[in-house]
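All remarks here apply to the structure that follows.
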């Protein structure tokens, strides 16, 4: 839980940065994750909910005095297209791919009517693949969300 950003209640700070109010903030949470800065690395952290005392809950642990950055969504359809093009360049004829897709992304795609198209596009590039939605990914000691990991085999 995060209760303050720069000494001010967290949820109103996030709402103000998004140009909305506290009442409408929950409708923005899936599209505007936070970035936890650790050194030069950023770890995407999905918003969970607004909590009592105008705090924010996240799907990854946020430590006291963490540097947090409000992220703006990129055009995810273009990002996926570029990712699939890169995979096709690196592995033109994959035999199998394993895909772990963050649940937050799956829910976002579903809410925007894109999830079925996403699955078809994955199949067109990857051929046979096994995919599932997870609750985030782990790298070393850091947990992060709203990402996708793909292992592609020739």
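Residue numbers (our numbering): 1419 to 1572. Glycine included, every Cβ here is placed at the ideal spot set by N, Cα and C.
Could you pull the start and end residues of the alpha helix (DSSP H) that residue i belongs to?
i            : result
residue 1429 : 1428–1436
residue 1442 : Taken as a continuous stretch (DSSP letters only), residue 1442 belongs to no alpha helix (DSSP H), as it is neither H nor E.
residue 1538 : 1533–1544
residue 1561 : Run containing residue 1561: none in the alpha helix (DSSP H); it sits in the beta strand (DSSP E), 1560–1562.
residue 1504 : 1494–1508
So, at 6 Å on beta carbons, what are the nonlocal neighbours of residue i in its own chain, with the 5 sequence-adjacent residues on each side left out?
i            : result
residue 1551 : 1519, 1521, 1524
residue 1548 : 1516
residue 1484 : 1454
With a 10 Å radius around its C-beta and 16 neighbouring C-beta atoms as the bar for buried, classify residue i as buried or exposed.
i            : result
residue 1470 : exposed
residue 1544 : buried
residue 1553 : exposed
residue 1571 : exposed
residue 1428 : buried
residue 1477 : buried
residue 1447 : buried
Just curious, the beta strand (DSSP E) that residue i is in, first and last residue?
i            : result
residue 1641 : Nothing can be reported for residue 1641: it is not among the residues displayed for the chain, which extend from 1419 to 1572.
residue 1459 : 1459–1463
residue 1569 : 1566–1571
Excluding the 5 residues preceding and the 5 following residue i in the sequence, name in chain order all residues of the same chain whose CB lies nearer than 7 Å to its CB.
i            : result
residue 1592 : Look at the range of the chain in this structure, 1419 to 1572, and you will see that residue 1592 is not part of it.
residue 1567 : 1518, 1555
residue 1438 : 1446
Starting from the Cα of residue i, find the closest Cα among the options and give me that residue.
i            : options                : result
residue 1491 : 1514, 1526, 1420, 1561 : 1526
residue 1443 : 1472, 1505, 1569, 1511 : 1472
residue 1459 : 1423, 1505, 1557, 1430 : 1557
residue 1479 : 1562, 1567, 1568, 1566 : 1562
residue 1416 : 1422, 1569, 1534, 1440 : Here the chain covers residues 1419 to 1572 and nothing more, so residue 1416 does not appear.
residue 1512 : 1541, 1559, 1537       : 1541
residue 1494 : 1564, 1421, 1514       : 1564
residue 1559 : 1437, 1534, 1461       : 1461
residue 1422 : 1486, 1510, 1456       : 1486
Please return the same chain residues whose Cβ sits closer than 8 Å to the Cβ of residue i, not counting the five positions on each side in sequence.
i            : result
residue 1430 : 1440, 1472
residue 1529 : 1448
_Taking contact to mean 3 or more Cβ pairs, one atom from each stretch, closer than 8 Å, check whether the stretch 1498–1511 and the stretch 1461–1469 are in contact._
no
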